[in-house]
Amino acid sequence: MFAPKFKILFILSFIFGAAYDVCPRELEKITIYVDEHPLLVEIANTPADRARGLMYRKFMGENEGMLFVFAKPEYLSFWMKNTRIPLSIAYFNQDRRITDVHDMKPNQTTELYHSSEKALYALEVNQGWFTKRKIGKYGVLKIPDRVKAVQ
Numbered sequence: 035m036f037a038p039k040f041k042i043l044f045i046l047s048f049i050f051g052a053a054y055d056v057c058p059r060e061l062e063k064i065t066i067y068v069d070e071h072p073l074l075v076e077i078a079n080t081p082a083d084r085a086r087g088l089m090y091r092k093f094m095g096e097n098e099g100m101l102f103v104f105a106k107p108e109y110l111s112f113w114m115k116n117t118r119i120p121l122s123i124a125y126f127n128q129d130r131r132i133t134d135v136h137d138m139k140p141n142q143t144t145e146l147y148h149s150s151e152k153a154l155y156a157l158e159v160n161q162g163w164f165t166k167r168k169i170g171k172y173g174v175l176k177i178p179d180r181v182k183a184v185q
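Positions in the sequence shown are counted from 1; adding 34 to them yields my numbering.
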């Protein structure tokens, strides 16, 4: 009796999981600035959106990215599981200043990219975006005050 129910539950979980990969929810897009450089970003401000991130994407525009928003400053670590495009990540503290920038390799499941300080935001862009614009430590993130994490 238990085995058939378990199999059905497993199959349904697989189907809904596959549907999530194919049909993620539409994220809010806004224009932000790092120093004076504009970016059109998707806002990942829920645990599910942050977990999915840019997985499975095949392309991202030159001045596009994803802004990860957290509820409180914490030490953050990102990886590139199922992420096909090379990215750079910047971590921002609660004052919205860059603490770290890392270039990340696609499809890595063993390498983690850590913040050296507690961060409230992480910004993923195409690899080299920060370097091309000479943006480094202490660069300033300019976003609307309404951008907050949702629990």
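From the three backbone atoms N, C-alpha and C, an ideal C-beta is built for every residue, glycine too.
- Within the DSSP bridge table, the entry for Glu76 names Lys63, Met100 as partners.
- Taking a cut-off of 8 Å on C-beta distances, the stretch 170-180 touches the stretch 56-70, as three or more cross pairs fall below it.
- DSSP places Thr165 in the uninterrupted alpha helix (DSSP H) bounded by 163-166.
- Distances from the CA of Val184 to each of Asp129, Leu73, Lys168, Lys106 were compared; the closest alpha carbon is that of Lys106.
- Ile132 is not a Cβ neighbour of Asn160, given a cutoff of 8 Å.
- DSSP places Arg84 within a helical segment (H, G or I) once states are collapsed to three.
- By the C-beta criterion, the stretch 134-151 is judged not to be in contact with the stretch 94-106, since fewer than 3 inter-stretch pairs fall below 8 Å.
- Below 8 Å, enough C-beta pairs join the stretch 149-166 and the stretch 111-125 to call them touching: three or more.
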